[in-house]
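Each remark here refers to the structure printed beneath this line.
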Amino acid sequence: PKVLEAVTEVLDLREGALDVTWRSLADVGNLSSSSVLHVLRDTIEQRRPEPGTPGLLLAMGPGFCCELVLLRW
């Protein structure tokens with residue numbers, strides 16, 4: 002959770018931008034690397050962005066490793 006709070010602050014995300022992520026964490030816990038796919042599925046099903054809008058997939062792992070994907074919905 003502290004990492005999610007830091008990401009929200011550092012990237013200056015709007016309020017609620019990580020709601021699907023927080024809900025996933027509360028509902029199923031930390032799924033490790035598959036969390037990003039779980040959140041992506043939930044985003045598509047529950048809060049599908051408008052076509053053409055930018056998006057960012059972000060995954061973090063131990064050691065500190067971080068993967069980012071910049072996409073256009």
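Read in the working numbering, the sequence shown has 31 at position 30, and its numbers run on one by one without any break. Every residue gets a Cβ at the ideal spot worked out from N, C-alpha and C, and that includes glycine.
DSSP state of Glu6, grouped into three classes?
helix
Exposure of Ser25, with buried meaning 16 or more beta-carbon neighbours within 10 Å:
buried
Taking Cβ to Cβ, would you say Pro55 is nearer than 9 angstroms to Leu72?
yes
Member of Val70, Arg15 and Pro2 whose CA lies at the smallest distance from the CA of Ala27:
Pro2
Own chain, CB closer than 8 angstroms to Cys67, minus 5 neighbours either side, in chain order
Leu59, Ala60 and Met61
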